[in-house]
Amino acid sequence: MSIQQINEESKIILQKNLEEIRRGIEEAKTAAGREADVMLLAATKTVSAEVINYVTQTLGVRNIGENRVQELLDKYEALDLTNVDVHFIGKLQSNKVKYIIDKVSLIHSLDSLSLADEIDSRSRRLGKKTDCLIEVNIGREESKSGVMPEDFEDFLAEVQKREAISVRGLMTIAPLSADAEEKKKYFSETYSIFIDILQKKIHNINIPILSMGMSGSYKEAIACGSDCVRIGSSLFGERIYNR
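Heads up: the sequence shown runs through residues 1001 to 1243, numbered per the working numbering.
Here it is in structure tokens:
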């Protein structure tokens, strides 16, 4: 059941869920022999501003991610963003960039040059550089967005010509049908692409980010090098969608 309001019961559930997630992240890091921090990004699709504010301002979550432009806009004025960064983690249409470009700290889903052009143009108008992750379609799924692995290097080179975009790294979503071992294979392949661009120095990435892993796969993702895990249902419960 998705938590939609704050009361004594939901406070206990959220605190318990968050403790389990944080413990799971630390256990996965230890098992992988990793010491660097892994960002916990709360995926807040369908979650009310009231619940988000409790998780950020009381429980200390410092990064939240929205999937839908309109939902972010609907919630935005009600959010207490003190010491909180807002990420955009869903499919982003070029004609919606103007609505969020001044509201998000990192776009996780840069997947086309037309989108890059719009982000660059809107950022220039504001006199800013926008941090982005390039989304990689690691499962090569026709139904999914993202740059194909074999096209990544050329795509990165083109994006870097847009001076108002700062590429910070990669994001991927493993196929939902994949089991744990298959997901590790996909995550490892993404990590290899990530490391390859760092070693070749074909980038100007400052503090690189590899965003991969969700509620059902974050431990496997951390084992394969993820720096940022996007956690929704494990924290807030199964989502409720409006029909």
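We treat Cβ as the ideally placed atom computed from N, Cα and C, and that holds for glycine.
Can you find a CB in chain D that lies within less than 9 Å of the CB of residue i?
i: Ser1109; result: No chain D appears in the structure shown, which is made up of a single protein chain.
Please report the straight-line C-alpha distance between residue i and residue j, rounded to a whole angstrom.
i: Gly1232; j: Ile1165; result: 28 Å
i: Arg1243; j: Thr1030; result: Residue confidence for Arg1243 is low, a pLDDT of 43 falling below 50, so the modelled location carries little weight; the figure read from the coordinates is stated next. Arg1243 and Thr1030: Cα-Cα distance of roughly 42 Å.
i: Ala988; j: Gln1199; result: Residue 988 is absent from the structure shown; the chain starts at 1001 and stops at 1243.
i: Arg1140; j: Pro1149; result: 8 Å
i: Ser1112; j: Gly1146; result: 8 Å
i: Ala1116; j: Arg1162; result: 7 Å
i: Ala1042; j: Ile1100; result: 18 Å
i: Arg1262; j: Ile1025; result: The structure shown does not extend to residue 1262, since the chain is modelled only from 1001 to 1243, so the question has no answer here.
i: Leu1106; j: Ser1143; result: 24 Å
i: Pro1208; j: Met1171; result: 11 Å
i: Lys1011; j: Ala1221; result: 28 Å
Below 8 Å on the Cβ atoms is my guess for residue i versus residue j; work out the distance and round it to an integer in Å.
i: Gly1169; j: Leu1210; result: 5 Å
Taking the CB atoms as reference points, tell me whether residue i and residue j lie closer together than 9 Å.
i: Ser1123; j: Ser1094; result: no
i: Val1086; j: Leu1072; result: yes
i: Asn1053; j: Ile1089; result: no
i: Ile1197; j: Phe1152; result: yes
i: Ser1226; j: Lys1183; result: no
i: Val1229; j: Val1038; result: yes
i: Val1047; j: Gln1015; result: no
i: Thr1190; j: Met1214; result: no
i: Asn1083; j: Thr1056; result: yes
i: Ala1028; j: Ala1223; result: yes
Exercise for the section: Could you pull out every unbroken alpha helix (DSSP H) segment of at least 4 residues lying fully inside the segment 1091 to 1177, listed in chain order? Expected result: Considered as a whole, the segment 1091 to 1177 harbours 1097 to 1100, 1113 to 1126 and 1152 to 1159 as its complete alpha helix (DSSP H) runs of no fewer than 4 residues, in chain order.
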